[in-house]
Amino acid sequence: MNPLILATLLIGLGLGTTITFASSHWLLAWMGLEMNTLAIIPLMAQHHHPRAVEATTKYFLTQATAAAMLLFASTTNAWLTGQWDIQHMTHPLPLTMITIALALKIGLAPLHSWLPEVLQGLDLTTGLILSTWQKLAPFALLLQIHPTNSTILLSLGIISTLVGGWGGLNQTQLRKILAYSSIAHLGWMILVLQYAPSLTFLTLIMYFIMTFSTFLVFKLNKSTNINSLATSWAKAPALTSLTPLLLLSLGGLPPLTGFMPKWLILQELTKQDLAPIATLAALTALLSLYFYLRLSYAMTLTMSPNNLIGMTPWRLQSSQLTLPLAISTTATILLLPLTPAMIALLTI
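The UniProt record's numbering puts the first residue of the sequence shown at 1, with every later residue one more than the last.
Structural data, given as structure tokens:
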């Protein structure tokens with residue numbers, strides 16, 4: 001892709017998110033979300049592969065549906081209450097519609113079906129943008145509207161953690177596994193959204209750090225399925241020995257970074273007299289942990305097949321920058337001791 005076009009699209013992506021962040025009016029927020037969608041579509045379809053074009057079409061249709069629903073809900077809110085302000089969402093009908101529209105935008109279960117299919121059709125770089133940056137604007141709106149319908153939020157959260165765990169069990173494609181991992185993490189964030197919005201934000205940041213490092217590892221190894229992970233020993237032995245720690249951190253195992261948000265969320269849910277929900281969420285984390293362990297096993301404890309059917313890929317030196325990977329890997333593994341500082345920040 002032409003560097004000027006790429007720069008224009010990336011600026012459009014950043015500008016769309018910034019407009020949504022800065023807006024207090026529903027029409028401006030909607031416009032930011034639309035800019036976001038339209039800027040990423042050429043990035044998704046840039047390789048002109050049938051799978052990429054199919055993924056782009058699916059993404060466009062789901063995002064357009066969610067945006068239309070959001071616009072309809074905000075217009076209904078203006079009609080019922082006379083307010084276009086994001087902070088003044090008082091009527092339950094538009095509030096519920098907007099919550100569902102934003103759930104469709106980020107890919108919460110049971111509105112998740114598009115996410116694994118779309119992510120599977122993209123290259124790892126665009127997939128990384130879709131899994132991280134594209135979640136920011138809808139989450140900014142969710143944090144601003146303070147949804148009060150606890151039944152819907154808790155249902156979305158629990159279904160997402162369950163689907164995110166179950167859906168990833170049978171997968172062999174890494175991008176689909178990461179998509180189901182994303183759904184599970186989003187479920188955890190939504191569970192605690194109405195009780196501790198700052199905790200949702202912390203979980204989102206931690207998820208970004210962990211997903212960023214995982215995508216970069218797969219990109220460095222040029223791996224798109226589980227079998228191709230087995231050749232990574234010969235390419236980058238030090239990184240391969242660290243990768244299980246990254247994956248277990250995504251699974252939320254102590255003493256790694258990923259344990260911090262899960263621990264704080266379970267604590268908050270228990271404080272709110274939701275011990276059954278907290279127990280169910282903790283059990284669904286085991287499902288996710290299983291497929292992260294499966295990836296770790298494939299990567300570090302199996303040898304690549306040396307027969308003619310399993311063609312060994314070229315071991316070329318990667319041109320990828322390793323500094324972002326080094327920083328995000330360190331953060332993914334070692335941030336748990338900062339938990340008291342994070343709690344202090346959240347209570348300010």
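Here a beta-carbon is modelled for each residue, glycine too, at the ideal position from N, C-alpha and C.
Distance from Thr300 to Thr240 at the Cβ level is roughly 6 angstroms; contact confirmed, criterion being Cβ atoms closer than 8 angstroms. Taking a C-beta distance under 8 angstroms as the contact criterion, Ser131 and Thr211 qualify as a contact pair.
Following the DSSP letters along the chain, one finds Ser223 in no alpha helix (DSSP H), marked with neither H nor E. Taking a cut-off of 8 angstroms on C-beta distances, the region 115-123 does not touch the region 148-164, as fewer than three cross pairs fall below it. Going by beta carbons, Thr172 and Asn225 fall inside the 8 angstroms limit.
Of all alpha-carbon atoms in Ser23, Ala298, Thr81, the one lying nearest the alpha-carbon of Pro138 is that of Ser23. Rounded to whole angstroms, Thr200 and Leu186 show a C-alpha spacing of 9 angstroms. Per DSSP, the continuous alpha helix (DSSP H) segment holding Thr332 begins and ends at 323-334. With contacts defined by Cβ atoms closer than 8 angstroms, Leu246 and Ser213 form a contacting pair.
One thing to note: Ile86 has its Cβ within 8 angstroms of the Cβ of Ile145. Using a 10 angstroms sphere on the CB of Tyr297, the tally of other CB atoms stays under 16, which defines it as exposed. Taking 8 angstroms as the cut-off, the Cβ atoms of Ile41 and Thr56 count as close. In terms of Cβ geometry, Tyr180 and Trp114 do not form a close pair [threshold 8 angstroms]. For Lys271, the number of other beta carbons within 10 angstroms of its own is below 16, and it is reported as exposed. In the displayed model, His25 falls within a strand according to three-state DSSP. Taking the Cα positions, Pro244 is about 12 angstroms away from Phe291. Counting the other CB atoms within 10 Å of its CB gives Ala68 a total below 16, which places it among the exposed residues. Residue pairing for Gln63: DSSP places it in no beta bridge. Counting along the chain, Leu242 sits inside the alpha helix (DSSP H) bounded by residues 237-251.
Rounded to the nearest whole angstrom, the C-alpha separation of Lys105 and Leu111 is 9 angstroms. Taken through DSSP and simplified to helix, strand or coil, Gln173 comes out as strand. Inclusion of Met260 and Leu336 in the CB contact set at 8 angstroms is warranted, their separation being smaller than that value. Cβ atoms of Leu70 and Trp30 come within 8 angstroms of each other, at about 6 angstroms.
Taking each of Pro276, Leu346, Asn227 in turn and checking the Cα distance to Met303, the smallest one comes out for Asn227. Taking 8 angstroms as the cut-off, the Cβ atoms of Thr332 and Ser249 count as close. Just measuring C-alpha positions, the residue of Leu316, Leu136, Ile327, Pro324 sitting nearest Gly32 is Leu136. With respect to the C-alpha of Leu142, the residue from Pro116, Ala109, Thr279, Leu102 having the closest C-alpha is Leu102.
Minimum Cα-Cα distance from Leu253 among the listed residues Pro276, Leu286, Ile265 corresponds to Leu286. Lys262 and Glu117 have their C-alpha atoms spaced approximately 27 angstroms apart. At least 8 angstroms separates the beta-carbon of Lys219 from that of Gln317. Using a Cβ distance threshold of 8 angstroms, Ala39 and Leu9 count as a contacting pair.
A residue is called buried once 16 or more other Cβ atoms fall within 10 Å of its Cβ, and Thr347, having fewer, is exposed. Closest in C-alpha terms to Pro324, from the list Val217, Ile5, Leu264, comes Val217. Rounded to whole angstroms, the gap between the alpha carbons of Met206 and Leu274 is 24 angstroms.
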